[in-house]
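A short worksheet on the structure shown next.
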Amino acid sequence: GRSDSTLSRCSDVFIDVGVEREACPFNLAPTSSSTASLAMGDALAIALVEKRNFNERDFYRFHPGGNLGARLRAKVRDVMIRGKDIPCVSMGTPFLDAVEAIDEKNKGFVLIADRDNRLQGILTDGDVRRLIRSGREFVNTSVDRHMSHNPKTISEDTFIAETIEFMQRDEITTLVVINEDRVIQGYVH
Numbered sequence: 077g078r079s080d081s082t083l084s085r086c087s088d089v090f091i092d093v094g095v096e097r098e099a100c101p102f103n104l105a106p107t108s109s110s111t112a113s114l115a116m117g118d119a120l121a122i123a124l125v126e127k128r129n130f131n132e133r134d135f136y137r138f139h140p141g142g143n144l145g146a147r148l149r150a151k152v153r154d155v156m157i158r159g160k161d162i163p164c165v166s167m168g169t170p171f172l173d174a175v176e177a178i179d180e181k182n183k184g185f186v187l188i189a190d191r192d193n194r195l196q197g198i199l200t201d202g203d204v205r206r207l208i209r210s211g212r213e214f215v216n217t218s219v220d221r222h223m224s225h226n227p228k229t230i231s232e233d234t235f236i237a238e239t240i241e242f243m244q245r246d247e248i249t250t251l252v253v254i255n256e257d258r259v260i261q262g263y264v265h
């Protein structure tokens, strides 16, 4: 906060983040000045991230051992839910049985698969609510008639950081993990 300090005289650039008075009632403890320094450091860091097109992979390369580095290196396969914990029914399942599967697993959705366990669709709590509000007949129908045919999917090789960004951007809570043949591998929620 002083242009005549030893540090500022030894520097090529001086940015004054000094404060008139500290929040400390005695004006001794560096309360306001530490906050001002932190804010300037954050602003400079973000400016450099944008100027140098720094991305998550760069962060991992320079900081692989920390918590953020571990988060960036983790992939969907490391966290996805698999096996019998996947709410799933077969094509042709009666609609009410599919709703029962949603309730049984308590995840808010059920996947619909063919005989080879290839993803055909998804039925969500929201789909069921919209169907009820629409007044359309569903009691004596198949889940095939009411499922969403193109659920959002992801590969198990996708990084968790990308997955979270994708889910936040598209405002979705569940991604189905499939392989190249659309065979269900699991899901992330």
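One point on numbering: in our numbering, the residue at position 109 of the sequence shown is 185, and numbering is uninterrupted. Even for Gly, the Cβ is constructed at its ideal location relative to N, Cα and C. Bear in mind that the values here come from a model prediction, so they are computed numbers and not experimental data.
**Item:** Whole-angstrom distance between histidine 222 and valine 204, CA atom to CA atom
**Value:** 8 Å
**Asked** Can you find at least 3 beta carbon pairs, one from the segment 161 to 178 and one from the segment 194 to 201, that sit closer than 8 Å?
**Response** yes
**Request:** Would you mind giving the Cβ-Cβ distance between isoleucine 230 and leucine 251, rounded to the nearest angstrom? I have them listed as a contact below 8 Å.
**Result:** 5 Å
**Asked** Between the C-alpha atoms of aspartate 118 and asparagine 103, what's the straight-line distance to the nearest angstrom?
**Response** 25 Å
**Request:** May I have a chain-ordered list of the alpha helix (DSSP H) segments no shorter than 4 residues that lie completely inside the segment 178 to 227?
**Result:** 201 to 210
**Asked** Short check: CB of asparagine 227 to CB of leucine 187, under 9 Å?
**Response** The sequence given here has proline at residue 227, not asparagine. Cβ distance < 9 Å, so proline 227 and leucine 187 count as in contact.
**Request:** Inspect the beta-carbon positions of serine 113 and valine 93 and report whether they are closer than 9 Å.
**Result:** yes
**Item:** Nearest residue (CA-CA) to threonine 239, options Phe138, Asn216 and Arg149
**Value:** Arg149
**Message:** Using the three-state DSSP reduction, which class does serine 109 fall into: helix, strand or coil?
**Reply:** helix
**Asked** Buried or exposed: phenylalanine 138, going by 16 or more other Cβ atoms within 10 Å of its Cβ?
**Response** exposed
**Asked** Around the Cβ of alanine 115, are there at least 16 other Cβ atoms within 10 angstroms (buried) or fewer (exposed)?
**Response** exposed
**Request:** Taking valine 253 as part of the alpha helix (DSSP H), name the residues at either end of that continuous run.
**Result:** First-last for valine 253: 251 to 254, but that is the beta strand (DSSP E), not the alpha helix (DSSP H).
**Message:** Residues in the same chain with beta-carbon distance under 6 Å from serine 218, minus the five sequence neighbours each way, listed in chain order, please.
**Reply:** Gly168
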